[in-house]
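First comes the structure, then the notes that go with it.
Shown next as structure tokens:
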């Protein structure tokens, strides 16, 4: 049995057509050879590829089921998203921030800038002043490493920031007002104490060098001045210096915090209406994106399985069509050969018939010619 060998690739048809079976069917006298050819090659193809066809069918069913389930979930997600807002107002002081605010004006802009400049001035002056005092104190830890004095002075802006954070953490409007006025009073008190302490030592600071030298005397045995400003602390420093530095630090910390709070209040008057993403909407939207990606993958897989199944079916159709054409060609060839044989036999028969007639005519003439010859001879 001969066969047309073909490779099993998507571009070729496998298994091959069996030409000997076609020739055998074409030689039979019955007219059902075409149906037998189709049945034989269909069975032959399924013998090789029935498992693949069934595998692709089951894959298509699985992907169709998954696709239907994912599409139902996607429809439910879209229905839920329809009733939700993507953006919602944020909470401001326990209430939704949906109230419109006034636009910026010259006065509020100038006050906002002045408060910012005041905070910067207070913090820079405080850091430089305290670091200078620490360096002038003669302490070894600051003299040997000057950067430590600046880090110590950095406690002022950190303290002011801490006071401002305390105001931000309060949610009640009344508590914020009490907190603000308390800080303002503490800052102004520190300013007044600092001014009073500075005024107490100002007469001594305002003397010139000549006046200071003239006031000195080796015979001066007067008792030291009494009072709190002339007392010496256990560390050797005067109480007036301690009070001055402490009042300055308190004033700078609380006044800086108050100015920061005031800047926040001004900004809140002109803040834009703020909207935030709805957490439920964002979660459902993320789920929607995931479902759409899964649906796309399932559709691609379904298309691949359906395409492979369709490819095998078309291979079967092409194989049967090819076998049918070979059968028809073989049948036509055999029919033509039979016709030629019949014509040839008819010619031979006709020739034989002609020769037989010629032979018979010759015998008849032979038997009829002697009596005629005898009669002629007798007449002579």
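Residue numbers (this note's numbering): 47 to 426. Glycine residues also receive a C-beta, built at the ideal position from the N, C-alpha and C atoms.
Is residue i helix, strand or coil when you go by DSSP?
| i | result |
| --- | --- |
| residue 191 | coil |
| residue 264 | Residue confidence for residue 264 is low, a pLDDT of 49 falling below 50, so the modelled location carries little weight and cannot support an answer. |
| residue 363 | helix |
| residue 395 | helix |
| residue 371 | helix |
| residue 347 | helix |
| residue 167 | helix |
| residue 218 | coil |
Consider the C-beta atom of residue i and the heavy atoms of the ligand HEM; say whether any pair is separated by less than 7 Å.
| i | result |
| --- | --- |
| residue 223 | By its list of ligands, the structure shown contains no ligand whatsoever, and the ligand HEM lies outside what it can speak to. |
Could you give the first and the last residue of the continuous alpha helix (DSSP H) run that contains residue i?
| i | result |
| --- | --- |
| residue 204 | 201–215 |
If you drop the 5 nearest sequence neighbours on each side, which residues of the same chain put their C-beta closer than 7 Å to that of residue i?
| i | result |
| --- | --- |
| residue 293 | 236, 239, 240, 243 |
| residue 222 | 213, 216 |
| residue 301 | 168, 233 |
| residue 354 | 102 |
| residue 297 | 233, 236, 237, 240 |
| residue 98 | 358 |
| residue 112 | 344 |
| residue 366 | 84, 87, 88 |
| residue 333 | 123 |
| residue 192 | 181 |
| residue 341 | 113, 116, 117, 120 |
| residue 200 | 173 |
Tell me which residue opens and which closes the beta strand (DSSP E) that residue i is part of.
| i | result |
| --- | --- |
| residue 133 | 133–135 |
For residue i, does the count of other Cβ atoms within 10 angstroms reach 16, so buried, or fall short, so exposed?
| i | result |
| --- | --- |
| residue 176 | buried |
| residue 309 | buried |
| residue 124 | exposed |
| residue 290 | buried |
| residue 351 | buried |
| residue 96 | exposed |
| residue 87 | buried |
| residue 83 | buried |
| residue 8 | Outside the modelled stretch of the chain, which goes from 47 to 426, sits residue 8, for which no answer is possible. |
| residue 178 | exposed |
| residue 109 | buried |
| residue 190 | exposed |
| residue 203 | buried |
| residue 322 | exposed |
| residue 307 | buried |
| residue 395 | exposed |
| residue 165 | buried |
| residue 338 | exposed |
| residue 114 | exposed |
| residue 407 | exposed |
| residue 390 | exposed |
| residue 91 | buried |
| residue 173 | buried |
| residue 210 | buried |
| residue 299 | buried |
Give every residue of the same chain whose Cβ lies closer than 8 Å to the Cβ of residue i, excluding the five residues on either side of it in the sequence, and list them in chain order.
| i | result |
| --- | --- |
| residue 279 | Note that residue 279 has pLDDT 47, beneath the 50 cutoff, so the model's placement of it is unreliable and the number below is only indicative. Counting only Cβ-Cβ distances below 8 Å, and skipping sequence neighbours, we find 285, 288. |
| residue 224 | none |
| residue 154 | 312, 315, 316 |
| residue 130 | 324, 326, 327, 330 |
| residue 304 | 226, 229, 230, 233 |
| residue 158 | 309, 312, 313 |
| residue 347 | 105, 109 |
| residue 149 | 316 |
| residue 393 | none |
Near residue i, which residues of its chain fall below 6 Å by C-beta distance, leaving aside the five closest residues on each side in sequence?
| i | result |
| --- | --- |
| residue 34 | The requested residue 34 is not part of the displayed model; the chain covers only 47 to 426. |
| residue 107 | none |
With a threshold of 8 Å between beta-carbons, can residue i be considered close to chain B, or not?
| i | result |
| --- | --- |
| residue 319 | The structure shown has no chain B; it contains just one protein chain. |
Runs of alpha helix (DSSP H) lying entirely within the segment 281–327, each at least 4 residues, in chain order: 285–315
Uninterrupted beta strand (DSSP E) stretches inside the segment 89–165 (no shorter than 3 residues): 133–135
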